[in-house]
Amino acid sequence: MAHHLLPLIRQTFVMTSAIFQTLVCGLILGFPTILFAALTQPDSDIKVDENTATTIVAIRGIGFFTFSILIFVVLQKIGRRRTQILSVLPGIAGWILCYFAHSALQLMVMHVMLGLHLGAALSVVTMVIGEYSSPRYRGVFLMVKTAFIASGVATVHILGAYFHWRIVALMALIPNVLSLAIAPFWPESPYWLASVGRFDECIAAFYWLRGKGAEDQEELDDLLNKHKERIAAEGTNQGIMRSIMRHLMYLKNRDFLKLVLLVMMMNNLVEFSGRYVLNTYSISILQTITDSQDMAYKITIFLDLLTLVLSFATAILVKVMKRRTILFSTSLMSMVCLFICSLLLYLKTHNMIPSYFKWVAIIIYSVYIAAMSIGVLPIVIGYFGEIFPVLYKPLAGMLVGAYGVALNSFMNKVTPPLMTGLGPHGTFLVFAISMFLCLCFLYPNLPETKDRTLQDIENKWEVECGRTKNTKRHSVNTEMVLLSKKNIDQP
2 MAHHLLPLIR QTFVMTSAIF QTLVCGLILG FPTILFAALT QPDSDIKVDE
52 NTATTIVAIR GIGFFTFSIL IFVVLQKIGR RRTQILSVLP GIAGWILCYF
102 AHSALQLMVM HVMLGLHLGA ALSVVTMVIG EYSSPRYRGV FLMVKTAFIA
152 SGVATVHILG AYFHWRIVAL MALIPNVLSL AIAPFWPESP YWLASVGRFD
202 ECIAAFYWLR GKGAEDQEEL DDLLNKHKER IAAEGTNQGI MRSIMRHLMY
252 LKNRDFLKLV LLVMMMNNLV EFSGRYVLNT YSISILQTIT DSQDMAYKIT
302 IFLDLLTLVL SFATAILVKV MKRRTILFST SLMSMVCLFI CSLLLYLKTH
352 NMIPSYFKWV AIIIYSVYIA AMSIGVLPIV IGYFGEIFPV LYKPLAGMLV
402 GAYGVALNSF MNKVTPPLMT GLGPHGTFLV FAISMFLCLC FLYPNLPETK
452 DRTLQDIENK WEVECGRTKN TKRHSVNTEM VLLSKKNIDQ P
């Protein structure tokens with residue numbers, strides 16, 4: 002019993018630091034709601050108009066984009082553990098700056114710092130969970146990660162009801178400091194160690210995390226064999242320029258481009274559903290439905306708690322159901338709810354239904370939040386940690402991260418004028434149609450990853466792409482060998 006329990010304890014220890022990061026991620030995502038409401042009040046000590054307030058929120062994309070560029074080199078150069086440690090620092094600086102901010106410019110700089118931290122939490126932590134945890138626990142850890150994002154959002158909204166936003170910013174430092182205190186005691190990722198040819202350290206780290214069970218040993222052997230074969234062809238030169246050129250070669254790899262496009266489309270599914278952007282403007286949307294700001298705030302808190310409970314429930318759901326089944330069933334439910342909300346809000350706006358029908362709209366909106374929370378959001382985030390082979394992750398993280406930043410910033414800027422021009426009913430209709438188009442692409446292309454090792458997912462993807470293991474698998478590696486002969490690292 003202890004033989005099987007010890008690896009779980011050690012993996013949980015590593016995940017604790019990562020989970021604290023995801024809690025901070027939720028705090029960052031939820032903080033604009035209370036900040037936006039406070040800054041637009043007449044007694045606010047920082048005077049901003051609505052356009053400036055939305056810009057303050059959207060500008061965090063600059064920090065997110067910066068990290069997306071840095072991840073390309075940093076993750077592969079210094080590993081997962083040290084990147085995790087470095088990624089916490091901008092968050093600490095951002096929350097301290099937030100407490101002392103006395104101008105819109107300082108708040109913008111603060112949001113850039115928090116955006117940098119957000120990019121780290123969403124990218125590094127997902128990668129850490131994928132590489133450090135065994136297949137039997139990985140799905141649960143990924144779902145717990147999403148649950149703690151929801152916990153952060155709910156926590157910041159509840160704290161915002163009782164404390165000034167500056168005090169909330171100080172409280173947000175606590176999980177940052179705890180995460181920073183735990184990370185130095187991690188081992189390095191076995192997958193990263195194997196990718197850079199440090200095989201003895203890889204074996205030691207793998208055994209420390211997983212133990213020596215038969216299935217784990219098979220995964221380790223597969224991991225070592227693949228990277229020994231690759232390094233025999235490419236060499237182990239880790240110069241920065243060579244590392245960059247090696248990764249850029251993947252842009253010629255058809256499988257790599259397919260995976261990036263697939264993940265971008267999953268990003269579209271989440272962003273175009275409106276879930277993230279509606280979180281920022283949830284109080285104003287619910288006020289439109291209920292005609293009461295106090296009721297809108299209470300419903301927002303209720304929905305935060307509902308999201309929290311359902312996010313933890315997903316950790317159980319992924320143990321008994323396939324990822325695809327959960328994703329597509331909850332996506333369809335979310336899409337239908339958006340269509341119904343759009344119709345009800347349109348009828349309410351034109352006084353075509355009794356006023357008490359607003360509660361029907363609230364119930365349908367709550368079902369939409371529930372479906373997104375228990376299925377779409379956690380499963381999509383889980384796929385981000387599972388679907389990319391270890392060698393693809395730095396460049397893929399940069400491309401997907403940069404795209405996600407641009408898309409999130411676009412949604413934050415376009416939603417307010419969309420709400421003004423089309424109204425909430427028109428905005429919901431646009432979101433529903435967008436989700437439908439994304440699902441049409443994802444359904445025939447998204448692979449199943451439940452209970453598969455990362456290496457098995459990679460091998461399976463090659464088969465599903467119509468490639469055999471021994472024919473075109475090393476087409477990119479051949480170009481790398483030719484590249485290495487040019488000695489591009491030599492002055």
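Heads up, the sequence shown is in our numbering, so the first residue is 2 and it goes up one at a time. No residue lacks a Cβ here, since even glycine has one placed at the ideal position from N, Cα and C. None of these values were measured; they are calculated from a predicted model.
Mapping DSSP to helix, strand and coil, what is residue i?
{"i": "D46", "result": "coil"}
{"i": "A155", "result": "helix"}
{"i": "G212", "result": "coil"}
{"i": "M266", "result": "helix"}
{"i": "L90", "result": "helix"}
{"i": "G27", "result": "helix"}
{"i": "N471", "result": "Residue placement at N471 is flagged as unreliable, the pLDDT there being 42, under the threshold of 50; the coordinate-derived value follows with that caveat. Note: N471 maps to coil in three-state DSSP."}
{"i": "E202", "result": "helix"}
{"i": "F164", "result": "coil"}
{"i": "P33", "result": "helix"}
{"i": "W360", "result": "helix"}
{"i": "M353", "result": "coil"}
{"i": "V464", "result": "Note that V464 has pLDDT 49, beneath the 50 cutoff, so the model's placement of it is unreliable and no number is given."}
{"i": "P8", "result": "helix"}
{"i": "S18", "result": "helix"}
{"i": "W96", "result": "helix"}
{"i": "N254", "result": "coil"}
{"i": "R276", "result": "helix"}
{"i": "P136", "result": "helix"}
{"i": "E449", "result": "coil"}
{"i": "I60", "result": "coil"}
{"i": "F38", "result": "Note that residue 38 corresponds to Ala in the displayed sequence, not to Phe. Correct three-state label for A38: helix."}
{"i": "A102", "result": "coil"}
Since residue i contacts residue j with CB under 8 Å, what's their CB separation in whole angstroms?
{"i": "L143", "j": "I382", "result": "7 Å"}
{"i": "G161", "j": "I35", "result": "3 Å"}
{"i": "R211", "j": "L378", "result": "Not quite, the Cβ-Cβ distance comes to about 28 Å (not below 8 Å), so this is no contact."}
{"i": "V126", "j": "A38", "result": "Wrong, their Cβ atoms sit about 29 Å apart, outside the cutoff."}
{"i": "T308", "j": "I370", "result": "6 Å"}
{"i": "M436", "j": "M373", "result": "Actually they do not touch by this definition, with Cβ atoms about 10 Å apart."}
{"i": "E449", "j": "K320", "result": "Going by Cβ atoms, the distance from E449 to K320 rounds to 15 Å, so no, they are not a contact pair."}
{"i": "V261", "j": "A121", "result": "That belief does not hold up - the Cβ atoms of V261 and A121 are roughly 20 Å apart, past 8 Å."}
{"i": "H1", "j": "T326", "result": "Look at the range of the chain in this structure, 2 to 492, and you will see that residue 1 is not part of it."}
{"i": "Y133", "j": "Q42", "result": "With a Cβ gap of about 44 Å, Y133 and Q42 do not count as contacting."}
{"i": "G31", "j": "H228", "result": "Not really, about 40 Å apart at Cβ, beyond 8 Å."}
{"i": "L430", "j": "S343", "result": "4 Å"}
{"i": "V169", "j": "G92", "result": "Contact doesn't hold; Cβ gap of about 14 Å is too wide."}
{"i": "M267", "j": "L443", "result": "7 Å"}
{"i": "G27", "j": "F149", "result": "6 Å"}
Could you tell me the boundaries of the alpha helix (DSSP H) in which residue i lies?
{"i": "S180", "result": "L174 to I183"}
{"i": "L123", "result": "A105 to Y133"}
{"i": "Y347", "result": "R324 to T350"}
{"i": "Y444", "result": "Note, Y444: premise wrong, no alpha helix (DSSP H); not H, not E."}
{"i": "A195", "result": "P191 to S196"}
Looking only at its chain, what residues have a beta carbon closer than 7 Å to the beta carbon of residue i, apart from the 5 residues adjacent to it on each side?
{"i": "G432", "result": "Checking the sequence shown, residue 432 turns out to be Phe, not Gly. Answer for F432: F273, S274, G275 and L339, listed in chain order."}
{"i": "V361", "result": "L345"}
{"i": "L98", "result": "Q107, V110, M111 and M114"}
{"i": "S180", "result": "S18, F21, Q22 and V89"}
{"i": "L447", "result": "L263 and R325"}
{"i": "I10", "result": "none"}
Which same chain residues end up closer than 8 Å to residue i when comparing Cβ atoms and leaving out the 5 residues on each side of it in sequence?
{"i": "L333", "result": "L440"}
{"i": "I354", "result": "L345 and L348"}
{"i": "T331", "result": "A372, M373, I375, G376, V377 and I380"}
{"i": "I47", "result": "L40, A102, H103, S104, A105 and L108"}
{"i": "P185", "result": "R82 and I86"}
{"i": "L225", "result": "A195, F200, C203 and I204"}
Taking 6 Å as the limit between beta carbons, can you name the residues of its chain near residue i, skipping five residues before and five after?
{"i": "R81", "result": "V129, S190 and W193"}
{"i": "S135", "result": "R211"}
{"i": "W166", "result": "I35, L36 and A39"}
{"i": "L408", "result": "E272"}
Taking Cβ positions only, does residue i come closer than 8 Å to chain D?
{"i": "T315", "result": "Included in the structure is just one protein chain, with no chain D present."}
Does any heavy atom of the ligand GDP sit closer than 7 Å to the C-beta of residue i?
{"i": "I341", "result": "Only the bare structure without any ligand can be found here, which leaves the ligand GDP out of the picture."}
Give, in chain order, every unbroken run of the alpha helix (DSSP H) that is at least 4 residues long and sits entirely within the stretch 364–434.
378–387
Whole alpha helix (DSSP H) runs in the stretch 288–323 with 4 or more residues, listed along the chain?
294–321
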